[in-house]
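First to last, the sequence lines map onto chains A and B.
Using this note's numbering, you'd call the opening residue of the first sequence number 1 and step up by one each time.
Using this note's numbering, you'd call the opening residue of the second sequence number 227 and step up by one each time.
For every residue, glycine included, the Cβ atom is placed at its ideal position computed from N, Cα and C.
Below is one structure, written out as structure tokens, with a few remarks after it.
Protein chains: 2
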Amino acid sequence: MMMMVRKSKGLGERHQRILDFIASYQREHKHPPSIREIGEHCNISSTSVVNYYLDQLEKTGHIERDRKISRGMRLTGNTPLGDMFRVPILGVIQAGEPIPVPANADFGSFTPEDSVEIASSLMPGKEKGKELFALQVQGDSMIDAMINDGDIIILKPTEDARNGEMVAVWLSDRNETTLKYYYKEKDGYRLQPANPTMKPIMLKKTEALEIKGKVVMVIRKVERYN
Amino acid sequence: MMMMVRKSKGLGERHQRILDFIASYQREHKHPPSIREIGEHCNISSTSVVNYYLDQLEKTGHIERDRKISRGMRLTGNTPLGDMFRVPILGVIQAGEPIPVPANADFGSFTPEDSVEIASSLMPGKEKGKELFALQVQGDSMIDAMINDGDIIILKPTEDARNGEMVAVWLSDRNETTLKYYYKEKDGYRLQPANPTMKPIMLKKTEALEIKGKVVMVIRKVERYN
DNA sequence: ATAATACTCGAACGTCTGTTCTGTGTCAAG
DNA sequence: CTTGACACAGAACAGACGTTCGAGTATTAT
Numbered sequence: 001m002m003m004m005v006r007k008s009k010g011l012g013e014r015h016q017r018i019l020d021f022i023a024s025y026q027r028e029h030k031h032p033p034s035i036r037e038i039g040e041h042c043n044i045s046s047t048s049v050v051n052y053y054l055d056q057l058e059k060t061g062h063i064e065r066d067r068k069i070s071r072g073m074r075l076t077g078n079t080p081l082g083d084m085f086r087v088p089i090l091g092v093i094q095a096g097e098p099i100p101v102p103a104n105a106d107f108g109s110f111t112p113e114d115s116v117e118i119a120s121s122l123m124p125g126k127e128k129g130k131e132l133f134a135l136q137v138q139g140d141s142m143i144d145a146m147i148n149d150g151d152i153i154i155l156k157p158t159e160d161a162r163n164g165e166m167v168a169v170w171l172s173d174r175n176e177t178t179l180k181y182y183y184k185e186k187d188g189y190r191l192q193p194a195n196p197t198m199k200p201i202m203l204k205k206t207e208a209l210e211i212k213g214k215v216v217m218v219i220r221k222v223e224r225y226n
Numbered sequence: 227m228m229m230m231v232r233k234s235k236g237l238g239e240r241h242q243r244i245l246d247f248i249a250s251y252q253r254e255h256k257h258p259p260s261i262r263e264i265g266e267h268c269n270i271s272s273t274s275v276v277n278y279y280l281d282q283l284e285k286t287g288h289i290e291r292d293r294k295i296s297r298g299m300r301l302t303g304n305t306p307l308g309d310m311f312r313v314p315i316l317g318v319i320q321a322g323e324p325i326p327v328p329a330n331a332d333f334g335s336f337t338p339e340d341s342v343e344i345a346s347s348l349m350p351g352k353e354k355g356k357e358l359f360a361l362q363v364q365g366d367s368m369i370d371a372m373i374n375d376g377d378i379i380i381l382k383p384t385e386d387a388r389n390g391e392m393v394a395v396w397l398s399d400r401n402e403t404t405l406k407y408y409y410k411e412k413d414g415y416r417l418q419p420a421n422p423t424m425k426p427i428m429l430k431k432t433e434a435l436e437i438k439g440k441v442v443m444v445i446r447k448v449e450r451y452n
């Protein structure tokens, strides 16, 4: 009755309701709903009416249907959302403490509380399949890296770096942890701050320098500051 | 014959093959395979044998099955990943230019190239359902906000702010865009840099101040720096 | 007003799908 | 050798599922 919408009006209320249901059902169950399930949830008593609407949604490109199999339907969306993965948060990184580094077991199971979800599309292609770990910055002393207290940094474990890569290093002689761009030079190493107004750390080859990881991403949740 | 593997060997080759097939089929089709499809692809000629293996995989926790519906099966994985959403990237934010602000249509359809995917779990609860937009930072002049050239900032559109919130403002008298913490004071406004070593901007009430949005997140892809 | 079009309904039907059952083959232990 | 456990096969079946059809209702255009 009141649910009848003319085709000339474009995507109607019932179309949208069906799409919403398909989307939320798919998210929850990882498979599409059946026609009868769509009917039950959208107050449509006949499978042929659901079919009628699905045909229209297929015609407008919102869904794709495979008529040869059960539950053969999926949302196209304008763009499907991509993949996501979890990165374990191993602890904090702060100036005067060694850097927590993952053991092999740290890449296995982890819970929402000690991991962070990252959309795959945010990661450069070469880091996607890699085992990454996250650390939360504690303190104000990574300012020279333009990184704030509370920021989450995501690292690829490595003990080597190429020139120009931002690394997390532990300088045991100085009892210092720092994040800087790494450059190997003739007779030592240069650790260059991301903040261009600040001076680099110059290290001789004899000085201890432990690269613990390469920084690939920084995430900052900006909160109200009091 | 040669495919028969004793249970005492743990998760067998055929178990793994079935799991791999389920995973790749699910990724491609967005729904699980049927038992006959699993059989065809894993060289199992009888649906009862597929059922036999699925029962075992269910028992070991690798899959969940819903026996009341067709294709009622899904991989468990360690932890279900949550939701994700897209935020439109409207353009760049740079020092001497007005800030791109969303029109209503900007929250509708968008493509991967002009949007960024964000895991819902990264967003504070109160921003989750909101219409957000993203801007890419261009230039070095947001340094006082500890924000780099190339960073992506995510904003909630607003023309008001509360004390302590980081806002994107356009100061038309100065022809300047800036990101700072906002404080309303007795006879004007104070825009405080995130970098504690830098000075605030003090504005009189008569000076033009256009708040365009509140910053809720900063994402930095750390690349090699040459 | 009528005619055309779009939407809605329910029954019936064919196909997909998973389960159950029975039987066979292999292996290890007694 | 027998027995029991496990792996495998195929047939049969019940139920889930989507499609088709005819009829009726609502809306729009003329």
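query: Neighbouring residues, chain A, relative to I369 of chain B (Cβ below 9 Å); result: M146, N195, P196 and T197
query: Spatial neighbours of L435 of chain B in its chain, beta-carbon cut-off 7 Å, leaving aside the 5 residues before and after; result: V395, L397, Y415 and L429
query: Residues of the stretch 247–259 of chain B with Cβ closer than 9 Å to any Cβ of chain A, in chain order; result: Q252, R253, H255, K256, H257 and P258
query: With 16 other Cβ atoms within 10 Å as the buried cut-off, status of N175 of chain A; result: exposed
query: N- and C-terminal bounds of the beta strand (DSSP E) containing S115 of chain A; result: S115 to A119
query: Exposure label - A329 of chain B; buried when at least 16 CB within 10 Å; result: exposed
query: DSSP state of L358 of chain B mapped onto helix, strand, coil; result: coil
query: Close beta carbons around P324 of chain B, own chain, < 6 Å, minus the five adjacent residues each side; result: W396
query: Chain A contact for G390 of chain B (CB, 8 Å cutoff); result: yes
query: Extent of the continuous alpha helix (DSSP H) run through Q282 of chain B; result: T273 to K285
query: Distance, R162 of chain A Cα to V50 of chain A Cα; result: 58 Å
query: Nearest neighbour of R243 of chain B, chosen from B:P259, B:C268 and B:R253 [CA to CA]; result: B:C268
query: Candidates A:S121, A:D149, A:R86 and A:A95: closest to S347 of chain B by CA position; result: A:R86
query: Per-residue DSSP class, three states only, for L435 of chain B; result: coil
query: Residue-level contact to chain A via CB, V318 of chain B, 8 Å cutoff; result: no
query: Within 8 Å, strictly: CB atoms of M166 of chain A and A194 of chain A; result: yes
query: Inter-residue Cα distance where the pair is I93 of chain A and G317 of chain B; result: 33 Å
query: Cross-chain neighbours of R297 of chain B in chain A, by beta carbon under 7 Å; result: H31, S70 and R71
query: Separation of L301 of chain B from H288 of chain B, as counted between CA atoms; result: 6 Å
query: Delimiting residues of the beta strand (DSSP E) encompassing Q192 of chain A; result: G188 to Q192
query: Collapsed DSSP secondary structure at K235 of chain B in the structure displayed; result: Residue confidence for K235 of chain B is low, a pLDDT of 43 falling below 50, so the modelled location carries little weight; the figure read from the coordinates is stated next. Of the three classes helix, strand and coil, the one that applies to K235 of chain B here is helix, per DSSP.
query: Beta carbon proximity, M202 of chain A to chain B, threshold 8 Å; result: no
query: Neighbourhood of I380 of chain B by C-beta, 6 Å cutoff - its chain only, sequence neighbours within 5 removed; result: V313, L358, A360, V442 and M443
query: 8 Å Cβ cutoff met for P326 of chain B and M299 of chain B; result: no
query: Pair within 8 Å by beta-carbon distance, D413 of chain B and K431 of chain B; result: yes
query: Residue interval of the alpha helix (DSSP H) (run including E37 of chain A); result: I35 to H41
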